[in-house]
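Engineer: Chains as they are written, first to last, in our numbering: chain A, 1 to 203; chain B, 204 to 406; chain C, 407 to 609; chain D, 610 to 812. Heads up, the beta-carbon is just placed ideally off N, CA and C, and yes, glycines get one too. Quick one: structure below, then a few questions.
Protein chains: 4
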Amino acid sequence: MSTQARRGNTRQRIQDVALELFSEQGYDKTSLREIAEKLEVTKAALYYHFKTKEDIVISLFQDLGRPIDELIVWAEGQPRTLETKKELIRRYSESLRSAEPLFRFMQENQAAVRDLSIGESFKSRMLTLFGLLKEPDAELTDQVRCITALFSMHAGMFSMQNLEGDPEEKRKAILEVATELVTAANPPHRRPARPDSAQTVSP
Amino acid sequence: MSTQARRGNTRQRIQDVALELFSEQGYDKTSLREIAEKLEVTKAALYYHFKTKEDIVISLFQDLGRPIDELIVWAEGQPRTLETKKELIRRYSESLRSAEPLFRFMQENQAAVRDLSIGESFKSRMLTLFGLLKEPDAELTDQVRCITALFSMHAGMFSMQNLEGDPEEKRKAILEVATELVTAANPPHRRPARPDSAQTVSP
Amino acid sequence: MSTQARRGNTRQRIQDVALELFSEQGYDKTSLREIAEKLEVTKAALYYHFKTKEDIVISLFQDLGRPIDELIVWAEGQPRTLETKKELIRRYSESLRSAEPLFRFMQENQAAVRDLSIGESFKSRMLTLFGLLKEPDAELTDQVRCITALFSMHAGMFSMQNLEGDPEEKRKAILEVATELVTAANPPHRRPARPDSAQTVSP
Amino acid sequence: MSTQARRGNTRQRIQDVALELFSEQGYDKTSLREIAEKLEVTKAALYYHFKTKEDIVISLFQDLGRPIDELIVWAEGQPRTLETKKELIRRYSESLRSAEPLFRFMQENQAAVRDLSIGESFKSRMLTLFGLLKEPDAELTDQVRCITALFSMHAGMFSMQNLEGDPEEKRKAILEVATELVTAANPPHRRPARPDSAQTVSP
DNA sequence: GATGAATGAGGCTTCATTCAT
DNA sequence: GATGAATGAAGCCTCATTCAT
Chain A
1 MSTQARRGNT
11 RQRIQDVALE
21 LFSEQGYDKT
31 SLREIAEKLE
41 VTKAALYYHF
51 KTKEDIVISL
61 FQDLGRPIDE
71 LIVWAEGQPR
81 TLETKKELIR
91 RYSESLRSAE
101 PLFRFMQENQ
111 AAVRDLSIGE
121 SFKSRMLTLF
131 GLLKEPDAEL
141 TDQVRCITAL
151 FSMHAGMFSM
161 QNLEGDPEEK
171 RKAILEVATE
181 LVTAANPPHR
191 RPARPDSAQT
201 VSP
Chain B
204 MSTQARRGNT
214 RQRIQDVALE
224 LFSEQGYDKT
234 SLREIAEKLE
244 VTKAALYYHF
254 KTKEDIVISL
264 FQDLGRPIDE
274 LIVWAEGQPR
284 TLETKKELIR
294 RYSESLRSAE
304 PLFRFMQENQ
314 AAVRDLSIGE
324 SFKSRMLTLF
334 GLLKEPDAEL
344 TDQVRCITAL
354 FSMHAGMFSM
364 QNLEGDPEEK
374 RKAILEVATE
384 LVTAANPPHR
394 RPARPDSAQT
404 VSP
Chain C
407 MSTQARRGNT
417 RQRIQDVALE
427 LFSEQGYDKT
437 SLREIAEKLE
447 VTKAALYYHF
457 KTKEDIVISL
467 FQDLGRPIDE
477 LIVWAEGQPR
487 TLETKKELIR
497 RYSESLRSAE
507 PLFRFMQENQ
517 AAVRDLSIGE
527 SFKSRMLTLF
537 GLLKEPDAEL
547 TDQVRCITAL
557 FSMHAGMFSM
567 QNLEGDPEEK
577 RKAILEVATE
587 LVTAANPPHR
597 RPARPDSAQT
607 VSP
Chain D
610 MSTQARRGNT
620 RQRIQDVALE
630 LFSEQGYDKT
640 SLREIAEKLE
650 VTKAALYYHF
660 KTKEDIVISL
670 FQDLGRPIDE
680 LIVWAEGQPR
690 TLETKKELIR
700 RYSESLRSAE
710 PLFRFMQENQ
720 AAVRDLSIGE
730 SFKSRMLTLF
740 GLLKEPDAEL
750 TDQVRCITAL
760 FSMHAGMFSM
770 QNLEGDPEEK
780 RKAILEVATE
790 LVTAANPPHR
800 RPARPDSAQT
810 VSP
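Written out as structure tokens, the structure reads:
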């Protein structure tokens with residue numbers, strides 16, 4: 001790529017390389033020097049585009065996290081039926097496909113990300129999704145089902161790298177299991193007879 | 204603790220503090236200086252007891268990972284029935300209880316741990332457990348179920364910190380869901396037609 | 407100030423902001439980035455108006471130091487009487503009033519200014535003033551008096567910020583003391599009557 | 610000096626070189642690299658002895674500022690007579706002789722020192738001295754006299770470098786003028802005869 | 001069983017400055 | 001009259017590690 005051709009998209013290129021390295025080697029292990037070298041620019045050039053190393057992560061998250069935000073907005077406008085939840089899970093799975101490296105990065109660098117300003121924001125998004133999946137007064141096991149559904153989708157993608165099979169098929173399998181979990185967490189009958197309390201499992 | 208009383212168990216104390224800090228702040232963010240300061244010894248003292256920083260992690264894993272190894276040995280000596288698998292899951296859950304900080308550390312510092320010599324060894328233990336849970340020729344969805352069961356137990360502990368409820372109850376809820384997943388992954392019927400597998404539970 | 411109204415006087419505005427920041431935070435601690443940001447222009451814009459950072463200081467000194475130069479020219483054209491010297495001090499005090507931030511800057515950043523080309527020029531101006539205040543063959547103590555008079559006027563302004571009282575009154579008080587010092591350093595009768603101490607003002 | 614012989618006094622040597630460079634070139638212009646190079650150690654060695662660059666300054670001030678503190682303690686235990694004040698000034702002059710580079714540094718780097726934690730502590734010491742020199746209800750001019758006395762002793766030392774004459778003689782001359790100023794600021798007769806102006810020396 | 005002193009490598013960040021547009 | 005993009009040098013600081021005592 002010529003010097004000429006690189007103009008104007010350096011910011012984007014920094015994000016790409018940074019995400020690649022962050023997700024491959026970890027946040028702490030990836031130095032700005034390394035990113036700069038891979039891009040054949042100086043470290044100072046990075047600082048022209050981003051105020052700090054953390055800022056790069058923030059920008060990644062803002063760009064790639066947008067689909068998730070939109071998904072949340074969508075879900076909040078829907079009736080809280082099981083159908084909606086299944087569709088939510090399905091769409092989420094889809095979103096993760098394109099944002100995979102970002103989620104891998106988040107998943108594998110939790111400790112490092114924790115004190116980046118973004119940690120909280122990420123966590124709160126997860127909690128919102130969780131809130132959308134579970135019944136308001138769900139039992140503990142059902143809550144666990146929902147959280148597990150969510151996390152299996154994140155972790156799944158990489159912790160299953162060793163499994164044979166093509167990625168798209170794996171994604172579908174994960175989605176299937178996650179859907180089962182959410183379905184199990186949202187029993188259809190049990191609700192008419194339960195004005196607001198739980199636990200009664202009647203035959 | 205008096206200076207007197209501290210004699211002779213410095214090694215242990217280093218491990219304790221290191222694990223605490225590693226799991227709280229992350230591996231990369233925790234410096235030997237910090238560990239030494241918290242112990243009120245010098246950095247050099249750490250080097251008397253451990254050859255490198257990585258060595259501390261290795262020692263932690265050797266000590267706290269032993270129960271898992273024993274569990275594996277036990278499981279390998281059992282018939283590969285669903286009952287065994289359920290018991291395996293149950294015992295695993297129990298082991299995690301005491302080794303929680305270590306697993307939290309592993310979970311949240313995957314990127315950092317990846318190029319520590321221990322990374323592989325940890326991963327291989329997970330794969331062994333996975334192999335013990337799943338049917339040899341299990342379908343993809345069933346494999347996902349088993350992996351999810353395993354990971355929900357790791358992640359569960361910390362990603363569910365925000366949930367209300369006492370830790371022991373949560374652990375039980377997680378175990379319940381994990382057991383369900385494993386059960387679902389090991390369907391009882393489907394087996395008559397499969398001559399080459401073991402597991403046949405009923406005629 | 408509208409974008410429209412800012413046209414054409416950017417140079418001036420740079421000087422204003424630069425002086426303000428230099429005198430508030432120090433020369434080294436004030437970056438061109440900071441100046442540019444406060445002006446809402448880019449750093450490159452500063453370079454359109456000034457060749458270097460040092461150039462900004464030089465320009466400040468040329469503009470604000472002119473009154474001092476004029477004062478020197480005036481004094482050199484007067485008879486070297488005590489009256490002239492007192493008037494010189496008085497006018498100097500007046501000049502300092504408007505050039506206060508510049509002098510504060512010079513006073514508090516001596517080390518930083520020393521290797522700016524301007525350092526020497528400032529120092530030589532001070533020496534010229536000193537030469538105009540003291541008798542050609544003044545004793546050491548009288549020389550000290552003159553220098554002290556000069557410096558008390560510079561330092562005075564800021565080192566007395568903590569004192570209560572309004573600025574104008576303080577300036578007058580400082581001028582009064584400085585005048586005394588100059589007067590004491592310029593005995594009317596060619597000092598036959600002064601064995602070694604001072605104070606005696608009239609026979 | 611052999612490697613052997615340098616042991617144990619590195620801390621001291623750092624302080625010496627640092628003070629020398631700080632006072633010669635200014636605080637901001639002196640890098641730790643420079644100090645380290647001059648000492649033929651690595652930068653990291655400096656950090657073994659001092660936590661930060663600022664810490665070096667603090668240590669200098671603690672060591673060299675002690676005489677001033679002792680002087681203050683002494684003065685506070687004396688009757689507040691003119692004699693005491695003159696003796697205070699005399700002793701102060703003496704102290705400055707040994708701490709000259711430190712004071713030069715403080716004087717010429719006011720801007721840089723201002724936001725070092727020590728700035729305040731220095732300033733407050735000056736204010737205490739000022740309080741000890743002036744009468745509690747002194748007029749503004751008398752206050753100016755006292756401050757000028759103090760500052761002439763600081764500034765004097767270096768701003769008079771250009772003057773011919775040996776340093777010790779200059780110091781004495783400065784002390785003489787400072788003493789005069791303090792004397793003038795402490796009129797013996799409780800000022801019944803001084804409605805608001807000064808100058809009148811005899812009844 | 002531990003310390004004191006030091007090192008080499010490298011981290012993030014900031015700065016003054018340049019130049020094509 | 002000014003900007004956008006970039007650079008090279010340098011700053012402060014921290015880290016894991018070593019070794020003589």
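1) So residue 625 of chain D is in the alpha helix (DSSP H); what residue range does that whole segment cover?
2) State buried or exposed for residue 318 of chain B, treating a residue as buried only when at least 16 other CB atoms are found within 10 Å of its CB.
3) Tell me which residues share the same chain as residue 764 of chain D and place their Cβ nearer than 7 Å to its Cβ, disregarding the 5 neighbours each side in the sequence.
4) From residue 336 of chain B to residue 282 of chain B, what distance separates their C-alpha atoms?
5) Just how far apart, CA to CA, sit residue 712 of chain D and residue 666 of chain D?
6) Does chain B have any CB closer than 8 Å to the CB of residue 17 of chain A?
7) Counting pairs of Cβ atoms below 8 Å between the stretch 651-669 of chain D and the stretch 745-755 of chain D, do you hit three or more?
8) According to DSSP, simplified to helix, strand and coil, what is residue 165 of chain A?
9) Closer than 8 Å is the cut-off here; do at least three beta carbon pairs connect the stretch 239-246 of chain B with the stretch 269-283 of chain B?
10) State the Cα-Cα distance for the pair residue 588 of chain C and residue 555 of chain C, rounded to the nearest angstrom.
11) Do you know offhand how far residue 675 of chain D's Cα is from residue 584 of chain C's?
12) Run the CB neighbour count on residue 599 of chain C, radius 10 Å, all protein chains shown included, and call it buried at 16 or more, exposed below.
13) Against chain C, does residue 736 of chain D count as a neighbour if the rule is that its beta carbon must be under 8 Å from one of theirs?
14) Give a yes or no on whether the minimum CB-CB distance between residue 577 of chain C and chain D is below 8 Å.
15) Anyone know if the C-beta pair for residue 101 of chain A and residue 169 of chain A falls short of 8 Å?
16) For residue 204 of chain A, go through chain B and note every residue whose CB falls closer than 8 Å to its CB, in chain order.
17) Would you say residue 272 of chain B touches the ligand SAM, meaning its beta carbon is less than 7 Å from a heavy atom?
18) Given a limit of 7 Å on CB to CB distance, which residues of the stretch 132-148 of chain A reach chain B?
19) Can you tell me whether residue 233 of chain B is buried or exposed, with buried defined as 16 or more other CB within 10 angstroms of its CB?
20) Ignoring anything shorter than 4 residues, give me the alpha helix (DSSP H) runs that lie fully in the stretch 708-793 of chain D, in order along the chain.
21) Which residues mark the beginning and the end of the alpha helix (DSSP H) in which residue 689 of chain D is found?
22) Using only the alpha-carbon positions, how far apart do residue 339 of chain B and residue 333 of chain B sit?
23) Distance check for residue 118 of chain A and residue 61 of chain A, CA to CA, integer angstroms please.
24) Below 7 Å on C-beta distance, what does residue 272 of chain B contact in chain A?
25) Would you mind giving the Cβ-Cβ distance between residue 82 of chain A and residue 188 of chain A, rounded to the nearest angstrom? I have them listed as a contact below 8 Å.
26) Note down, in chain order, every chain B residue with its Cβ under 7 Å from the Cβ of residue 78 of chain A.
27) Would you say residue 165 of chain A faces chain B, with C-beta separation under 8 Å as the test?
28) In angstroms with no decimal places, state the Cα-to-Cα distance between residue 151 of chain A and residue 651 of chain D.
29) If we cut at 8 Å on Cβ distances, does residue 29 of chain A have a partner in chain B?
30) Just tell me which of B/295, B/347, B/389 has its CA closest to the CA of residue 377 of chain B.
31) Is residue 640 of chain D helix, strand or coil when you go by DSSP?
32) Check the Cβ of residue 72 of chain A against every Cβ in chain B and list those closer than 8 Å, keeping chain order.
33) Does the beta-carbon of residue 736 of chain D have 16 or more other beta-carbons within 10 angstroms, so that it is buried, or is it exposed?
34) In angstroms with no decimal places, state the Cα-to-Cα distance between residue 511 of chain C and residue 455 of chain C.
35) Between the beta-carbon of residue 517 of chain C and the beta-carbon of residue 618 of chain D, is there less than 8 Å?
36) Rounded to the nearest angstrom, what separates residue 218 of chain B and residue 230 of chain B at their Cα positions?
Structural biologist: The relevant details are as follows:
1) Working through the fourth sequence from its first residue, we reach residue 625 of chain D at position 16. Per DSSP, residue 625 of chain D belongs to the alpha helix (DSSP H) from 619-634.
2) For the purposes of this step, residue 318 of chain B is taken as residue 115 along the second sequence, with counting starting at 1. Classification for residue 318 of chain B: exposed.
3) Counting from 1 along the fourth sequence, the entry for residue 764 of chain D is found at position 155. Excluding positions up to five away in sequence, the list reads 716.
4) Here residue 336 of chain B refers to the residue found at position 133 when the second sequence is read from its first residue. Here residue 282 of chain B refers to the residue found at position 79 when the second sequence is read from its first residue. Approximately 12 Å, taken between the alpha carbons.
5) In the fourth sequence, the residue the question calls residue 712 of chain D occupies position 103. In the fourth sequence, the residue the question calls residue 666 of chain D occupies position 57. Roughly 12 Å between the two C-alpha positions.
6) As a first step, residue 17 of chain A must be located in the first sequence, where it is residue number 17. Judged by the 8 Å Cβ criterion, residue 17 of chain A is not in contact with chain B.
7) Because the criterion of three Cβ pairs below 8 Å is not met, the stretch 651-669 of chain D and the stretch 745-755 of chain D do not touch.
8) As a first step, residue 165 of chain A is located in the first sequence; it is residue number 165 there, counting from the start. Coil at residue 165 of chain A, not helix or strand.
9) These segments do not touch.
10) By 1-based counting over the third sequence, the position of residue 588 of chain C is 182. By 1-based counting over the third sequence, the position of residue 555 of chain C is 149. Residue 588 of chain C and residue 555 of chain C: Cα-Cα distance of roughly 7 Å.
11) As a working note, residue 675 of chain D is residue 66 in the fourth sequence. As a working note, residue 584 of chain C is residue 178 in the third sequence. Residue 675 of chain D and residue 584 of chain C have their C-alpha atoms roughly 32 Å apart.
12) In the third sequence, residue 599 of chain C corresponds to position 193, counting from 1. The predicted model places residue 599 of chain C with a pLDDT of 45, which falls under 50 and marks its position as unreliable, so this point remains unresolved.
13) In the fourth sequence, counting from the first residue as 1, residue 736 of chain D sits at position 127. With respect to chain C, the C-beta atom of residue 736 of chain D has a partner C-beta closer than 8 Å.
14) For the purposes of this step, residue 577 of chain C is identified with residue 171 of the third sequence, where counting begins at 1. No, its Cβ sits nowhere closer than 8 Å to a Cβ of chain D.
15) Position 101 of the first sequence, counted from the start, is the residue given in the question as residue 101 of chain A. Position 169 of the first sequence, counted from the start, is the residue given in the question as residue 169 of chain A. No; because the gap between Cβ atoms is not below 8 Å, this pair is not in contact.
16) With chain A covering 1 to 203 only, the question about residue 204 of chain A has no answer from this structure.
17) Questions concerning the ligand SAM fall outside what the structure shown contains, since it holds no ligand whatsoever.
18) 140, 141, 143, 144, 145, 147, 148
19) As a working note, residue 233 of chain B is residue 30 in the second sequence. Its Cβ being crowded by 16 or more others within 10 Å, residue 233 of chain B is buried.
20) 709-717, 719-723, 727-742, 749-768
21) Position 80 of the fourth sequence, counted from the first residue, corresponds to residue 689 of chain D. Per DSSP, residue 689 of chain D belongs to no alpha helix (DSSP H) and is neither H nor E.
22) Start at 1 with the first residue of the second sequence, and residue 339 of chain B comes out as number 136. Start at 1 with the first residue of the second sequence, and residue 333 of chain B comes out as number 130. Their backbone Cα atoms lie some 10 Å apart in a straight line.
23) Locating residue 61 of chain A in the first sequence gives position 61, counting from the first residue. Locating residue 118 of chain A in the first sequence gives position 118, counting from the first residue. If I take the Cα positions, the gap works out to 8 Å.
24) The residue given as residue 272 of chain B occupies position 69 in the second sequence. Within chain A, no C-beta atom comes nearer than 7 Å to that of residue 272 of chain B; the closest sits roughly 20 Å away.
25) Translated into the one-based positions of the first sequence, residue 82 of chain A becomes position 82. Translated into the one-based positions of the first sequence, residue 188 of chain A becomes position 188. With a Cβ gap of about 7 Å, residue 82 of chain A and residue 188 of chain A count as contacting.
26) Sequence index remark: in the first sequence, residue 78 of chain A carries index 78 (1-based). Per Cβ cutoff of 7 Å: no residues; residue 78 of chain A is ~24 Å from chain B at best.
27) For the purposes of this step, residue 165 of chain A is taken as residue 165 along the first sequence, with counting starting at 1. Closer than 8 Å: yes.
28) As a position in the first sequence, residue 151 of chain A is number 151, starting the count at 1. As a position in the fourth sequence, residue 651 of chain D is number 42, starting the count at 1. Distance between the alpha carbons of residue 151 of chain A and residue 651 of chain D: 48 Å.
29) Position 29 of the first sequence, counted from the first residue, corresponds to residue 29 of chain A. Yes, residue 29 of chain A counts as interfacial toward chain B.
30) For the purposes of this step, residue 377 of chain B is taken as residue 174 along the second sequence, with counting starting at 1. The shortest C-alpha separation from residue 377 of chain B is found at B/295.
31) As a position in the fourth sequence, residue 640 of chain D is number 31, starting the count at 1. Three-state DSSP puts residue 640 of chain D in coil, outside helix and strand.
32) For this step, residue 72 of chain A is matched to residue 72 along the first sequence. Within 8 Å Cβ-Cβ: nothing; residue 72 of chain A doesn't reach chain B, min ~17 Å.
33) Counting from 1 along the fourth sequence, the entry for residue 736 of chain D is found at position 127. So residue 736 of chain D ends up on the exposed side.
34) Position 105 of the third sequence holds residue 511 of chain C. Position 49 of the third sequence holds residue 455 of chain C. Cα to Cα, residue 511 of chain C sits roughly 21 Å from residue 455 of chain C.
35) In the third sequence, the residue the question calls residue 517 of chain C occupies position 111. In the fourth sequence, the residue the question calls residue 618 of chain D occupies position 9. Not closer than 8 Å, so no.
36) Residue mapping note: residue 218 of chain B aligns to position 15 of the second sequence, counting from 1. Residue mapping note: residue 230 of chain B aligns to position 27 of the second sequence, counting from 1. One C-alpha to the other measures close to 13 Å.
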